[in-house]
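**Student:** Residue numbers (the working numbering), protein chains in the order written: chain W, 1 to 423; chain Y, 1001 to 1207; chain E, 2001 to 2386. What follows is a single structure, and I will ask about it in a moment.
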């Protein structure tokens, strides 16, 4: 509840604000700027082009932004850029943010509603920012008797695990954080952490409903892990590699695997819905049964982080679907070989291949994400025994069918090294 | 408990007169048109003695044949019958109504406090799902008990459906149902520490 | 699973222990409500053994308002506005049977046109209630579209009722002696248009909800209430109709002009969750035809309410009148002692009767079925508490 000081005066309030701004300015000029200069003088900076990046040069960049182009070019080749920016976290988080917005509007259209409308004038485009600010501003309540270290650690673990999956996924040729030979295996190994985190968090909450939710998450995960891996196995059989970049390359050389392995793709899609706890399979968060499942005791930014993590995970699994079945970044070339921009010439940053790959990868990923959002509008929640039955009996059998198809394709000489359909 | 024979006369101020077939005038028609079956023009009970509807009368005759004079028929109206029994025979009557008459469930159990008589009347509205010709009929089975020591045998073993109704009657009127597994708080707050609220000596504040 | 006793036996055979108050580590006690998203203003304590519910104890009373006591302090007309509070979604039906009972006691004849308007308003209001119920049923099963669609279509019926009565939900429209006012101009066309549109929408509901395989899997064969049990427990309305008993007050004891209306009592024989959720839907369909007939047969002009004295009172006596509300038989037992204020008013509601079936149906079911079973009982907590 907002309370005002007894003798509140607007003039005094404005005056205090002006004083605050004055103090900030004084501190910045007297402390901040000297600090920057000290850093720039004493820390050796990398040579850019044939020039050493001196403080003088750095300051001129503020005046002429085009001088920053070489630095950015330099930066784009570093690992830091990959981890933090493009195939890494920022890109994933950006897609997650767009996903949340699109999900709201898309679902609203399906349900004859309007959806977010006011925040940000245009169709409520800033609703997510408003929600994020609200979550940050909210108090984080830790239940009494909770295991505090675990309670605080779990959301961070959740987001970082989701980001770790993202790290393994190639978004464009060369743009992948960790290009390992066992990429696919690593993805599944990391995905195996999620129910563990859910269970740990549920246990740490010291509450009944989260605990039931955590157990459900575990059940669900175990039931769907096997068809999940089996469906990817048939892809591995066709491509002959566990390296995700290699899988994309082998699809570029032949055709998208979804044409050979539609059943696998279906199994993978269903399993990833279960993995993501999205609507037909949102048992761990089933609100009418167990309040909010393992999220019951979350509040404020803990909830925000878990939601961010789950949407990053959505991106990761959709991207994995694209990599495994939809040919990754393969697509017709739509970008010109060279570009010319007015004012600031960003031509040195431009890479035709990477731009095209990014475009197609993003489009495909988004298509798959839309497909994953769709069941939310049309389906009720599944019951846990039906879910387990689906996972253990039906999906495993379906996955095996396509493994045999894949084997037949390999041994029939249609795909694989020197196959008929390999270009 | 003991009720004297003329006891039903006393509540005349608050409940209808008792003669076995005193009912509102009413065309005494068949079920279809209850709208028409109204105590039309200024119904002064004792004045007219309209014919009781034959079907309902038949039902009452059946009960009377079995239990004789221990049953008091309070009124017979189209589709509505009210009988009053002694508390100690209520289980017996209810069992007969269920098994032989087809009144298979209780729609509601209520109670009315008559402080002038020092009595509480508990009323079971019995209906039938299984007998189609009884679908529209409600048989009100009532028993009276004293206000000071309000006790009645429970009907839960006859009509499973009275379980919560009797619990509610217990807390609202303070009628203890002997044999009921849970004469217990139900709707009122957990810390309720007043007399049962539907008794007439419980007054709403400010009214 | 023919009778209650068998059901208990069966759950014992499953290794489930019923009502064990001892500290058994196997059992987990869950409090469903009053702040649980799956309960409403209502609490029931359940004990689960693994995923099976072995014990259930309803604890209503969170919204107990003492309507029955309040009635004794006001005269018969003053009682109308507060009596509709228990079910503001169905306020025409809950005041309908009260009006019938008072009319019987005081001896009022309602004009024919008034009777038709009453029936029309109560049918429209039943649609409003059932749509709201259906929306909650959808969200209980995690079907968010089924939450939004009926809530949206309900708005159209609310608009109709607003045009008719002047208020969106708490209409206070039925009064002893008729209805408050006549229907407005052009109401008939609007009503027919809305009903036509709604009939189209009902087909869509069926496609997206009732024919959805996942919904069928979740509800078919779940928590079967056999015909014998339904009679024994004395459940009401759609619950008893879903168990194979075609009992509808509108047919069994036609009040006002319902004997002039041609309609069928909708019922199903399976008695499972699916039947209990489908019967109100069938009722909505049937209600559309009833509304059309009412509009056609309504006298074109005439009084809509009988003239009453300022403080209507009748001779001492009592009346018990019922109507078919959205949740089943809704009866008023009114005792009059000859004064303008009722001596005693007892409201007999379907929700309260259906609550009795909750423990019997939940025991032996899975925890995931809890919301599906609970809401299929057509239970409205506020009405049950009164």
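Cβ atoms here follow ideal geometry from the backbone N, Cα and C, with glycine treated the same way. Note that the structure is a prediction, hence the values are computed from the model and not measured.
(1) Which one of Y:1123, Y:1121, Y:1076, Y:1060 has the shortest CA to CA distance from residue 1096 of chain Y?
(2) Indicate whether at least one CB of chain W lies closer than 7 Å to the CB of residue 2373 of chain E.
(3) Under the DSSP definition of a beta bridge, which residues are partnered with residue 2049 of chain E?
(4) Count the other CB atoms within 10 Å of the CB of residue 1192 of chain Y; is the residue buried (16 or more) or exposed (fewer)?
(5) If the criterion is Cβ atoms closer than 7 Å, does the pair residue 1083 of chain Y and residue 1073 of chain Y meet it?
(6) Interface residues of chain W around residue 1963 of chain E at Cβ under 8 Å?
(7) Measure from the alpha carbon of residue 1196 of chain Y to the alpha carbon of each residue in Y:1176, Y:1143, Y:1068, then state which is nearest.
(8) Between the segment 1072 to 1089 of chain Y and chain E, which residues of the former have CB atoms less than 7 Å from a CB of the latter, in chain order?
(9) Would you check if the distance between the CB atom of residue 2112 of chain E and the CB atom of residue 2246 of chain E is smaller than 7 Å?
(10) For residue 1125 of chain Y, which of helix, strand or coil comes out of DSSP?
(11) Quick one: grab the DSSP three-state call for residue 398 of chain W.
(12) Go through its chain and collect everything with a Cβ distance to residue 1032 of chain Y's Cβ below 8 Å, but skip five positions before and after it.
(13) Given residue 2366 of chain E, which residues of its chain have a CB within under 8 Å of its CB, disregarding the five upstream and five downstream residues?
(14) Residue 2117 of chain E and residue 2304 of chain E - do their beta-carbons sit closer together than 7 Å?
(15) Pick out the complete beta strand (DSSP E) segments inside the segment 1060 to 1101 of chain Y, 3 residues or longer, and give them in chain order.
(16) Measuring CB to CB, does residue 143 of chain W end up less than 7 Å from residue 205 of chain W?
(17) Which residue wins for smallest C-alpha separation from residue 2258 of chain E, given the options E:2323, E:2201, E:2243, E:2084?
(18) Chain E partners of residue 1198 of chain Y, CB-CB under 7 Å?
(19) Quick one: which chain W residues come within Cβ less than 7 Å of residue 2030 of chain E?
(20) Give the DSSP bridge partners of residue 2330 of chain E, in chain order.
(21) Which one or two residues does DSSP pair with residue 2346 of chain E in a beta bridge?
(22) In angstroms with no decimal places, state the Cα-to-Cα distance between residue 1977 of chain E and residue 1156 of chain Y.
(23) Leaving out the 5 sequence neighbours to the left and right, which residues in its chain are closer than 6 Å to residue 2198 of chain E when beta-carbon positions are compared?
(24) Helix, strand or coil for residue 2175 of chain E, going by three-state DSSP, please let me know.
(25) Let me confirm a value: residue 2097 of chain E is counted as buried when at least 16 other C-beta atoms fall within 10 Å, else exposed. Which label applies?
(26) To which residues of the same chain is residue 405 of chain W closer than 6 Å at the C-beta, ignoring the five residues directly before and after it?
(27) Kindly indicate which three-state DSSP category residue 1036 of chain Y falls into: helix, strand or coil?
(28) Please check the pair residue 396 of chain W and residue 226 of chain W, which I expect to be a contact at CB under 8 Å, by giving their CB distance rounded to whole angstroms.
(29) Starting from residue 1146 of chain Y, follow its DSSP beta bridges and name the residues at the other end.
(30) Roughly how many angstroms separate the alpha carbons of residue 420 of chain W and residue 238 of chain W, rounded to a whole number?
(31) Is residue 2101 of chain E near residue 2334 of chain E, with beta carbons less than 7 Å apart?
(32) Contact criterion: CB-CB distance below 7 Å. Does residue 2044 of chain E meet it with respect to chain A?
(33) Tell me which residues share the same chain as residue 300 of chain W and place their Cβ nearer than 7 Å to its Cβ, disregarding the 5 neighbours each side in the sequence.
(34) What residues in its chain sit with their C-beta under 7 Å from that of residue 1972 of chain E, if we drop five residues either side in the sequence?
(35) What does the Cβ neighbour count give for residue 1121 of chain Y, buried or exposed, with the cut at 16 atoms within 10 Å?
(36) For residue 97 of chain W, which of W:309, W:215, W:190, W:377 has the nearest alpha-carbon?
**Tutor:** According to the structure data:
(1) Closest option to residue 1096 of chain Y, judged by alpha-carbon separation, among Y:1123, Y:1121, Y:1076, Y:1060: Y:1060.
(2) no
(3) The partner list for residue 2049 of chain E (beta bridge, DSSP) reads E:2027, E:2052.
(4) exposed
(5) In this structure, residue 1073 of chain Y lies closer than 7 Å to residue 1083 of chain Y by Cβ.
(6) The question about residue 1963 of chain E has no answer here: the residues shown for chain E are numbered 2001 through 2386.
(7) Y:1176
(8) 1079, 1080
(9) no
(10) strand
(11) helix
(12) Annotation note: pLDDT 41 at residue 1032 of chain Y (below 50); position unreliable, no value reported.
(13) 2051, 2052, 2053
(14) The Cβ-Cβ distance between residue 2304 of chain E and residue 2117 of chain E falls below 7 Å.
(15) Listed in chain order, the complete beta strand (DSSP E) runs (minimum 3 residues) inside the segment 1060 to 1101 of chain Y are 1072 to 1077, 1080 to 1085.
(16) yes
(17) E:2323
(18) 2068, 2069
(19) Residues of chain W passing the Cβ test: 208.
(20) E:2323
(21) E:2333
(22) Residue 1977 of chain E cannot be examined here, being either before or after the span of chain E that is shown, 2001 to 2386.
(23) none
(24) Here residue 2175 of chain E sits in strand by DSSP.
(25) buried
(26) No residues qualify anywhere along the chain.
(27) Its pLDDT being 40, under 50, residue 1036 of chain Y is placed unreliably in this model, and the value from its coordinates should be taken loosely. DSSP places residue 1036 of chain Y in coil when its eight states are reduced to three.
(28) 6 Å
(29) Partner(s): Y:1119.
(30) Residue 420 of chain W and residue 238 of chain W: Cα-Cα distance of roughly 13 Å.
(31) yes
(32) Absence of chain A from the displayed structure is noted, the protein chains being W, Y and E.
(33) 135, 138, 139, 140
(34) Since the first residue of chain E shown is 2001 and the last is 2386, residue 1972 of chain E is not available in this structure.
(35) buried
(36) W:309
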